[in-house]
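Beneath this line is the structure, given in structure tokens, with notes to follow.
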Amino acid sequence: MRNTLTILAATIALAALGTGASAHSKSSTFTPEDGATVTDVPEITMQFDDPMRVISVGLTRDGEDAALERETGTDPVTEFVARPAGDLAPGAYTVEWRGMSADGHPMQGSFSFTLAQ
Ligand SMILES: [Cu+2]
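Those letters in the sequence shown? Residues -23 to -1, 1 to 94, by mature numbering (1 follows the signal peptide of the UniProt record, and there is no 0).
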């Protein structure tokens, strides 16, 4: 499974200058899994190896916005939970998020899954 956790490009230059000594979250696990085909999406979870303050998260279906309700607030967490608002239609979904890592680095990532009939 490819790791879609990435650090924003603008901060890479800072890290190269040696200012990014402390660690930020380097791995994440998603539910549904990236690339999975599922028949039900009761919730969307993101697990991080270091606490992440998830600032924004969005769900799209075939490029159109789909409503998502956050269960987790904006405190730093190692597990973030959100739920689809209402029933989801079958289709190709993408979750995109932005957050702030424990070391202050802005992070972003995305993952995709297919909801089958
Ligand atoms: Cu960092």
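Just so it is clear, CB atoms sit at the ideal spot from N, CA and C, and this is done for glycine as well.
Minimum C-alpha distance to PHE88 - residue among LEU36, ASP17, ILE32:
LEU36
Check whether the Cβ of SER78 lies closer than 7 Å to any heavy atom of ligand 1, and answer yes or no.
At least one heavy atom of ligand 1 is nearer than 7 Å to the Cβ of SER78, so yes.
Buried/exposed call for PRO9, threshold 16 Cβ in 10 Å:
buried
Are the CB atoms of GLU20 and ARG60 within a distance shorter than 8 Å?
yes
Inter-residue spacing [alpha-carbon to alpha-carbon] between HIS82 and HIS1:
Taking the straight line joining both Cα atoms gives about 7 Å.
Under 8 Å, do GLY68 and LEU92 count as touching if we go by C-beta distance?
Yes, Cβ-Cβ distance for GLY68 and LEU92 is below 8 Å.
Do THR65 and ALA79 have their C-beta atoms within less than 8 Å of each other?
The question names Thr, but residue 65 is Leu in the sequence shown. Cβ distance not < 8 Å, so LEU65 and ALA79 don't count as in contact.
Which residues share a DSSP beta bridge with SER2?
In DSSP, SER2 forms no bridge with anything.
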